[in-house]
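Below you'll find the structure, written out as structure tokens, and then a few comments.
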Amino acid sequence: MMQPGAGGVAPSALGQQPAQQYGQQPAQPYMMMPPPTAQAPAMWAPQSHVAPPAPQLPQHSQPASADEVRTLWIGDLQYWMEENYLYNIFLHTGEVVSVKVIRNKQTCQSEGYGFIEFNSRAAAERVLQAFNGTPMPNGAQNFRLNWASTGEKRSDDTPDYTIFVGDLAADVTDYVLQETFRARYPSCKSAKVVIDRLTGRTKGYGFVKFGDESEQMRAMTEMNGVLCSTRPMRIGPAANKNAGGSQQYSNGCQEALSSKGQILISAEMVSP
DNA sequence: GATGAGCGT
Numbered sequence: 001m002m003q004p005g006a007g008g009v010a011p012s013a014l015g016q017q018p019a020q021q022y023g024q025q026p027a028q029p030y031m032m033m034p035p036p037t038a039q040a041p042a043m044w045a046p047q048s049h050v051a052p053p054a055p056q057l058p059q060h061s062q063p064a065s066a067d068e069v070r071t072l073w074i075g076d077l078q079y080w081m082e083e084n085y086l087y088n089i090f091l092h093t094g095e096v097v098s099v100k101v102i103r104n105k106q107t108c109q110s111e112g113y114g115f116i117e118f119n120s121r122a123a124a125e126r127v128l129q130a131f132n133g134t135p136m137p138n139g140a141q142n143f144r145l146n147w148a149s150t151g152e153k154r155s156d157d158t159p160d161y162t163i164f165v166g167d168l169a170a171d172v173t174d175y176v177l178q179e180t181f182r183a184r185y186p187s188c189k190s191a192k193v194v195i196d197r198l199t200g201r202t203k204g205y206g207f208v209k210f211g212d213e214s215e216q217m218r219a220m221t222e223m224n225g226v227l228c229s230t231r232p233m234r235i236g237p238a239a240n241k242n243a244g245g246s247q248q249y250s251n252g253c254q255e256a257l258s259s260k261g262q263i264l265i266s267a268e269m270v271s272p
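Under UniProt numbering, the residue at position 232 of the first sequence is numbered 232, and the numbers go up by one with no gaps.
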């Protein structure tokens, strides 16, 4: 027989209202700030904060074939941003099916990203367009949203040529950084300002990716010292993360190995 | 100041 108390539980596991305390956050973290300049497009969020025109940050194009893709990936989460926080942010859409923050199994600490599933692909896309790159309710950082990858490979055939950009002012966002470069380098694909997960604030450096190697090279010299927002950028080579950007070290490794070998050999020779 | 971040049961 059914337990009386458990009969009419909320459909979603999140239905049970979360006790809303997010670390240092005061009582109502979700109070959406009034739209700065927003005339609400009144599609699905009549009365709410419609963020400034979502900058066209690079996102994976929506997979056309897969009807099932209704989930967004969200990153750059601070540790205190848990399911209930995310859930309440998108609550007004009425179309959130589930929310999940990925945690480390040992420490149970957030890994800084999660997934938001909507009841339709269109709903997910609206959220993606409207929120991505706009300030999160806590005010410190911007939403970093994208389509969740469904295990299928992302269409990413082209190599990236990346540079490191330092000395960024506090107000430089991905969008600002990217536009700074895209104005001169059409192959500029994306820009990312690195965010401190503890504070949600910028670390003052970032990465810019180009599709064209010669533009990467040119940008390295031409853009060094150029103003971005209020500060001159300092540009350097990016440590090889995603290949492409710089030369492989295959030869270097061999040299290192052989010279190590030499050291060993000479050590043997030196020994009595 | 100083080299990310990225897909779960």
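Where is the CB? At the ideal position from N, CA and C, for every residue including glycine.
What you are looking at is a predicted structure, and each value in this text was computed from that prediction instead of being measured.
Using alpha carbons as the reference points, say which of K189, G206, T134 lies closest to A169.
Checked all of K189, G206, T134; the closest Cα to A169 is G206.
Taking Q78 as the reference, give the member of N142, V97, R184, R70 with the closest Cα.
N142
CA-to-CA distance, F181 to C188, given in whole angstroms:
7 Å
Please state if the CB of W73 and the CB of residue 273 are separated by a distance shorter than 7 Å.
Only positions 1 to 272 of the chain appear in the structure, and residue 273 is not among them; the question remains open.
Closest to G200 by CA distance: which of A239, D76, L86 is it?
D76
Where does F131 fall in DSSP's three states?
helix
So the alpha helix (DSSP H) R182 belongs to, where does it begin and stop?
174 to 182
Does DSSP put N224 in a helix, a strand or coil?
coil
Express the C-alpha separation of S190 and W44 in angstroms, rounding to a whole number.
With a pLDDT of only 36 at W44, under 50, the local geometry of the prediction cannot be trusted, and the value read off the model is given with reservation. In a straight line, the C-alpha of W44 is about 29 Å away from that of S190.
Distance check for Q106 and G133, CA to CA, integer angstroms please.
Rounded to whole angstroms, G133 to Q106 spans 31 Å at the Cα level.
For G206, which residues does DSSP report across the bridge?
V165, V193
Need the endpoints of the beta strand (DSSP E) that L72 sits in, please.
71 to 75
C-beta atoms of A219 and Y175 nearer than 7 Å:
No. Outside cutoff.
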